[in-house]
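Down below is the structure, laid out as structure tokens.
2 protein chains.
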Amino acid sequence: MEDLILHEDPRSGNCYKIRLTAALLGKPLRRVQYDIMNGETRTPDFLRNVNANGRIPVLQIGNRFLPESNAACWYLAESSRLIPSDRFDRADMLRWMFFEQYNHEPNVATLRFWLLFVGEAHLNEFQKGQIMAKRAGGEAALEVMEEHLKEREWLVGKTVTLADIALYAYTHVCEAGGFRLHDYPAICRWLDRVSGLPRYVSMD
Amino acid sequence: MEDLILHEDPRSGNCYKIRLTAALLGKPLRRVQYDIMNGETRTPDFLRNVNANGRIPVLQIGNRFLPESNAACWYLAESSRLIPSDRFDRADMLRWMFFEQYNHEPNVATLRFWLLFVGEAHLNEFQKGQIMAKRAGGEAALEVMEEHLKEREWLVGKTVTLADIALYAYTHVCEAGGFRLHDYPAICRWLDRVSGLPRYVSMD
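Heads up: the protein sequence lines correspond to chains A and B, in order. Quick note: the first sequence, position 49, residue 49 per my numbering, numbers continuous. Quick note: the second sequence, position 81, residue 285 per my numbering, numbers continuous.
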């Protein structure tokens, strides 16, 4: 495989997904770090050479650049046990990964970012006005996961897939965004299953 | 292939993606319609039997249910020409599909929904307060597409893929959300390429 470089901010759960996928598969990954709080992913150089959308993570494969965390995880995991071999299960795995980016990340990850890194006192009025809606949206997403995991060990099929990795990243640190993990016992058992996997690495 | 049923609201671009994918591939699809304005996807029956997340579209395959529009498109298109055979291109296609759900749909589709179906006069204060941010977010997403399409005919590789279908759905009707297509000439040429495809079907 070509040389793999992860352009990342180590505080980002989206970046962590890619590191966890690579670790579980035993693939080495070189890391280049940016500080998103200082606008380092919005510089003309970054926009021209790494990602015109001004965001990390970006997985660099040789001289090609792949933005979007879940697409990067897919690239790394193709033909591995982290992607189901059954056609329906494979699509169902993508279903949870799209759910993660639409229903979970914009609520759970954004509140963590605002409360842990920006600080509630420094939020602007627009951000403050969205806290309640993001709290409700995040709780609804966690509730969907809780119900699904009550009778299952993994989100899709009988073993860990990228769906679990994608949703693990921000779920296991959701308390930093004010969510209460003890309200979700099935999620807690599932988090322990993920962190108990061979070759698991923790978030920085 | 098993019997395919699309649970949809025909006004939704997310549902249209699935119909367009099926049409381009010549796959028949039975349609069951719900009125999201009347809460028909939040009934106990729908939540229990179709999608616990209370959303359409859901693609029913035999007796199994697959939510998330882009996952349903993936299921339909597996092993077809709509998914690239090259590994990087396949992940890059998913990259644009995640971009669509994260950067494009929550801005472009939501403003269309609010302005065309709810009506500006009926928006609540929370929604009104988000219009400017969603306008800016939608324009930024369209600008990323415009720059990318200036030197390309399709979003990924040399031919149409699911990335084009996913982003076509709400882009081609974005003026209903107050976006101005004539600001994006490369996007306009790309929209014509999509609508000129053999077996293309229009949105209802």
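Yeah, the Cβ is synthetic: ideal placement off N, Cα and C, and Gly gets one too. Model, not experiment: these values are computed from the prediction.
Beta-carbon proximity check, residue i vs residue j, cutoff 8 Å
i: B:Glu212; j: B:Arg235; result: yes
i: B:Ile240; j: B:Ala276; result: no
i: B:Phe317; j: B:Glu343; result: no
i: B:Leu408; j: B:Val360; result: The displayed chain sequence assigns Asp, not Leu, to residue 408 of chain B. It is not a contact, given that the beta carbons lie outside the stated cut-off.
i: A:Ala166; j: A:Glu100; result: yes
i: B:Leu229; j: B:Leu286; result: yes
i: A:His104; j: A:Ala136; result: no
i: A:Ile187; j: A:Met132; result: no
i: A:Pro57; j: A:Leu115; result: no
i: A:Thr171; j: A:Leu149; result: no
i: B:Asn311; j: B:Lys332; result: no
i: A:Val160; j: A:Val194; result: yes
i: A:Glu143; j: A:Ile61; result: no
i: A:Leu20; j: A:Val201; result: yes
i: B:Phe321; j: B:Arg215; result: yes
i: A:Gly177; j: A:Leu111; result: yes
Contact set between residue i and chain A, taken where Cβ atoms lie within less than 7 Å
i: B:Val348; result: Ala52, Asn53
i: B:Trp278; result: Ala91, Leu94
i: B:Ile265; result: Phe88
Reduced DSSP category for residue i - H, G, I as helix; E, B as strand; rest coil
i: A:Glu8; result: strand
i: A:Arg189; result: helix
i: B:Leu286; result: coil
i: A:Leu76; result: helix
i: B:Phe269; result: strand
i: B:Leu263; result: strand
i: A:Val32; result: strand
i: B:Val398; result: helix
i: B:Tyr404; result: coil
i: B:Thr245; result: coil
i: A:Tyr184; result: coil
i: B:Lys231; result: coil
i: A:Glu175; result: helix
i: A:Asn14; result: helix
i: B:Ala340; result: helix
Under 9 Å by beta carbon: chain A residues contacting residue i
i: B:Gln305; result: Phe98, Gln101, Tyr102
i: B:Ile240; result: Neighbours of B:Ile240 on chain A: none; closest Cβ ~16 Å, over 9 Å.
Selection from the options that minimises the alpha carbon distance to residue i
i: A:Arg199; options: A:Arg64, A:Leu4, A:Ala22; result: A:Ala22
i: B:Phe269; options: B:Trp318, B:Arg252, B:Asp368; result: B:Arg252
i: A:Tyr16; options: A:Pro185, A:Leu162, A:Ile187, A:Arg180; result: A:Leu162
i: B:Arg291; options: A:Arg87, A:Glu78, A:Leu94, A:Lys128; result: A:Glu78
i: A:Ala169; options: A:Asn63, A:Gln60, A:Met97; result: A:Met97
i: A:Glu40; options: A:Pro67, A:Gly26, A:Arg55, A:Ile5; result: A:Arg55
i: B:Leu263; options: B:Ala390, B:Asn218, B:Val322; result: B:Asn218
i: B:Arg393; options: B:Trp358, B:Glu379, B:Ser406; result: B:Trp358
i: A:Pro212; options: A:Leu197, A:Glu147, A:Val201; result: No answer is possible for residue 212 of chain A: the residues shown for chain A start at 1 and end at 204.
i: B:Pro271; options: A:Pro84, A:Ser69, A:Arg90; result: A:Arg90
i: B:Lys362; options: B:Glu324, B:Asp249, B:Pro288, B:Trp278; result: B:Pro288
i: B:Leu401; options: B:Asp368, B:Ser273, B:Trp278; result: B:Asp368
i: A:Tyr34; options: A:Pro28, A:Thr43, A:Lys27; result: A:Thr43
i: B:Leu280; options: B:Ala313, B:Asn328, B:Lys231; result: B:Lys231
i: A:Asn63; options: A:Asp45, A:Asn70, A:Val50, A:Trp74; result: A:Val50
i: B:Leu274; options: A:Glu175, A:Tyr102, A:Ala176; result: Note on identity: in this sequence residue 274 of chain B is Asn, with Leu being the wrong assignment. Considering only alpha carbons, the answer is A:Tyr102.
i: B:Ala313; options: B:Arg356, B:Asp387, B:Glu379, B:Trp278; result: B:Glu379
Neighbour list for residue i in chain A, Cβ cutoff strictly below 8 Å
i: B:Asp408; result: Neighbours of B:Asp408 on chain A: none; closest Cβ ~23 Å, over 8 Å.
i: B:Gly333; result: Phe126, Gly129
i: B:Glu351; result: Ala52
Beta-carbon neighbours of residue i, restricted to chain B and to distances below 8 Å
i: A:Asn70; result: Leu298, Phe302
i: A:Pro67; result: Arg299, Phe303
i: A:Ala133; result: Phe330
i: A:Ile83; result: Going along chain B, no residue has its Cβ under 8 Å from A:Ile83, so there is no contact; the nearest lies around 11 Å.
Interface residues of chain B facing residue i [CB-CB closer than 9 Å]
i: A:Glu78; result: Arg291, Arg294, Ala295
Proximity test, Cβ basis, 8 Å: residue i and chain C
i: A:Arg64; result: Among the protein chains in the structure shown, which are A and B, there is no chain C.
Please list the segments of the alpha helix (DSSP H) lying wholly inside the region 85-134 of chain A, counting only runs of 4 or more residues, in order along the chain.
-> Listed in chain order, the complete alpha helix (DSSP H) runs (minimum 4 residues) inside the region 85-134 of chain A are 87-99.
Complete alpha helix (DSSP H) runs within the region 138-173 of chain A (minimum length 4 residues, chain order) = Entirely contained in the region 138-173 of chain A, the alpha helix (DSSP H) runs reaching 4 residues are, in chain order, 162-171.
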